[in-house]
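Here's the structure, in structure tokens; my notes come after.
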Amino acid sequence: MPQQQATACPPWEKVAESIEFVPDQFSRKTQPESVAREMLHCDSADVDRLVDAGLPAEERDGVRYFDPNDLYNLGMYSYRSNTQPELAFRMLFRFAGRSVDDLLRPKTWSFRVRLECHECSGVAPWRLEGPDVVRFGGQLEEITPLTPSAGSAEYAATVTNTGARTPLVSPTLRTLTRDYLHAGYRWQMIPVPMQADYALVHELGVTSCIAASLLLAERFRAAGYRAEAKRGWFTGVLGGALDLPHACVEVTDDDGVTKTVDIAKAQLAARLSADTEQFQELCLGSIYNKVIPSTASGNASFGHHECGSPQPALLRADIRSAR
Numbered sequence: 063m064p065q066q067q068a069t070a071c072p073p074w075e076k077v078a079e080s081i082e083f084v085p086d087q088f089s090r091k092t093q094p095e096s097v098a099r100e101m102l103h104c105d106s107a108d109v110d111r112l113v114d115a116g117l118p119a120e121e122r123d124g125v126r127y128f129d130p131n132d133l134y135n136l137g138m139y140s141y142r143s144n145t146q147p148e149l150a151f152r153m154l155f156r157f158a159g160r161s162v163d164d165l166l167r168p169k170t171w172s173f174r175v176r177l178e179c180h181e182c183s184g185v186a187p188w189r190l191e192g193p194d195v196v197r198f199g200g201q202l203e204e205i206t207p208l209t210p211s212a213g214s215a216e217y218a219a220t221v222t223n224t225g226a227r228t229p230l231v232s233p234t235l236r237t238l239t240r241d242y243l244h245a246g247y248r249w250q251m252i253p254v255p256m257q258a259d260y261a262l263v264h265e266l267g268v269t270s271c272i273a274a275s276l277l278l279a280e281r282f283r284a285a286g287y288r289a290e291a292k293r294g295w296f297t298g299v300l301g302g303a304l305d306l307p308h309a310c311v312e313v314t315d316d317d318g319v320t321k322t323v324d325i326a327k328a329q330l331a332a333r334l335s336a337d338t339e340q341f342q343e344l345c346l347g348s349i350y351n352k353v354i355p356s357t358a359s360g361n362a363s364f365g366h367h368e369c370g371s372p373q374p375a376l377l378r379a380d381i382r383s384a385r
């Protein structure tokens, strides 16, 4: 990451000061200190320094536990080059500095989703906000649908999506988008329930894909455009081993075409390198084949079990390149 090579590593105390930690009402401290040391490539003394500088921790049976989002953000903005979040970020976005032509061709994915209901009260149907690629020129084939069951269920399909250059033509939409990108919000990993409170997220000076899309869609609507934040999946991450739910804005442009504004990916690509300008522009209206849209709105869950549980189903996607 060029910016990291040119910047001296700040002390951990300074890194902690730069992070907006997850508020208590959204924090889930599930990762033990051993994981924190591994993620941040640091030792116990460094963890002590981070805790003293404000990193929220919860001690259980003599072991300190941390919110995984806090750990990810500390690594992401540590400028050390060797933390797990930094290494994952560079790998995740290695495509963004290349020609975008490969992102515009049809691409086929093996798409599998496992849904789990941890408050299950018996056999019942499942509801999944599944892949929604046909509207954008894609195909959905070889579907194994969900069937009524208790506890868990699986959905599978072969999904072919494609890219298309459809840049925003409305000067108003482009201005609103650029204004957001230049507003100085810092991208952070944020729990999905917190992202739905997009006013709180932006008050903290940070952003994320769902929060950014919800706010931008609101601004598009205030300007007179039909717009909605929609969820989906960012594909092909670690060979399908990492589930990355995603969100963007669908907006009807002045030419009557529905455009996709992938504001978070444009932000992250800009942080990576100036060589990602083509990809950043692709994010402002066009579609590309590494995102599978779904039918879920921006702040909605992907799935639900109709057994009577008020909680959304837990969902794990496994998306692998098929051809």
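For the sequence shown, the numbering used here assigns the number 63 to the initial residue and increments by one for each residue that follows. The C-beta atom is built at its ideal place from N, Cα and C for all residues, glycine as well.
Cut-off 6 angstroms between Cβ atoms - residues of its own chain near residue i, not counting five sequence neighbours on either side
i: Ala212; result: Cys182, Gly184, Val185
i: Arg288; result: Thr314
i: Lys91; result: Glu120, Tyr127, Phe128, Asp129
i: Leu238; result: Arg281
i: Gly199; result: Thr224
i: Met101; result: Leu133, Gly137, Gln146
i: Ala358; result: Glu191, Arg293, Phe364
i: Ile325; result: Ala274, Leu278
i: Gly116; result: Ala78
i: Arg174; result: Ala218, Asp380
i: Arg283; result: Ala289
i: Gly370; result: Ser183
Buried or exposed (CB count within 10 angstroms, at least 16 for buried), residue i
i: Ile245; result: According to the sequence displayed, residue 245 carries Ala and not Ile. Exposed is the call here.
i: Ser140; result: buried
i: His32; result: The requested residue 32 does not occur in the structure, where the chain is confined to residues 63 to 385.
i: His180; result: exposed
i: Cys71; result: exposed
i: Ala303; result: Low local confidence applies: a pLDDT of 44 at Ala303 is under 50, so the model's placement there is unreliable, with the coordinate-based value given in what follows. By the neighbour-count rule (16 or more Cβ atoms within 10 Å), Ala303 is not buried but exposed.
i: Ser356; result: buried
i: Gly347; result: buried
i: Gln24; result: Shown here, the chain extends from 63 to 385; a query on residue 24 therefore has no answer.
i: Ala328; result: buried
i: Val109; result: buried
i: Ala375; result: buried
i: Ser96; result: exposed
i: Glu148; result: buried
i: Val84; result: buried
i: Val391; result: Any answer about residue 391 is impossible in this case: the structure gives the chain only from 63 up to 385.
i: Ser80; result: exposed
i: Ala309; result: buried
i: Val263; result: buried
i: Ser106; result: exposed
i: Ser232; result: buried
i: Ala261; result: exposed
Coil, strand or helix - residue i by DSSP
i: Asp315; result: coil
i: Arg90; result: coil
i: Arg227; result: coil
i: Pro307; result: strand
i: Glu368; result: coil
i: Gln250; result: coil
i: Arg385; result: coil
i: Asp123; result: coil
i: Tyr217; result: strand
i: Asp105; result: coil
i: Leu266; result: coil
i: Phe128; result: strand
i: Gly301; result: Legend: pLDDT at Gly301 = 49, less than 50; position of this residue unreliable, value from coordinates given subsequently. Correct three-state label for Gly301: helix.
i: Arg176; result: strand
i: Thr234; result: helix
i: Val84; result: coil
i: Lys352; result: coil
Whole-number beta carbon distance between residue j and residue i, since they are thought to touch under 8 angstroms
i: Trp171; j: Leu112; result: Contact flag wrong, Cβ pair sits at about 38 angstroms.
i: Arg248; j: Thr269; result: 7 angstroms
i: Lys55; j: Leu165; result: The shown model of the chain, from 63 to 385, leaves out residue 55, and the question about it has no answer.
i: Ala258; j: Asn131; result: So it is not a contact: roughly 15 angstroms between Cβ atoms.
i: Glu290; j: Glu312; result: 6 angstroms
i: Ile354; j: Val221; result: 6 angstroms
Cutoff 7 angstroms; reference residue i; Cβ partners in own chain excluding five residues on either side
i: Ala285; result: Thr234, Leu238
i: Gly301; result: A caution first: Gly301 carries a pLDDT of 49, below 50, which makes its placement in the model unreliable, though a value can still be read off. Contacts found: Arg382.
i: Leu330; result: Phe155, Trp249
i: Val77; result: Leu136, Tyr139, Ser140
i: Arg385; result: Thr170
i: Leu276; result: Tyr260, Ala291, Gly360, Asn361
Contacting residues, own chain, Cβ-Cβ under 8 angstroms from residue i (five flanking each side not counted)
i: Pro167; result: For the sequence presented, residue 167 should be read as Arg rather than Pro. Contacts found: Thr224, Gly225, Asn351.
i: Pro210; result: Val185, Ala186, Pro187, Trp188
i: Ala332; result: Leu243, Thr338, Gln342
Handout entry: Three or more C-beta pairs below 8 angstroms linking the region 191-201 and the region 209-225
Key = By the Cβ criterion, the region 191-201 is in contact with the region 209-225, since at least three pairs of Cβ atoms, one from each stretch, lie closer than 8 angstroms.
Practice task
Could you say if the region 330-342 and the region 141-161 meet the contact criterion of at least three C-beta pairs nearer than 8 angstroms?
Solution key: yes
Exercise for the section: Say whether the region 251-261 touches the region 84-102, bearing in mind that this needs 3 or more beta-carbon pairs closer than 8 angstroms, one atom from each stretch. Expected result: yes
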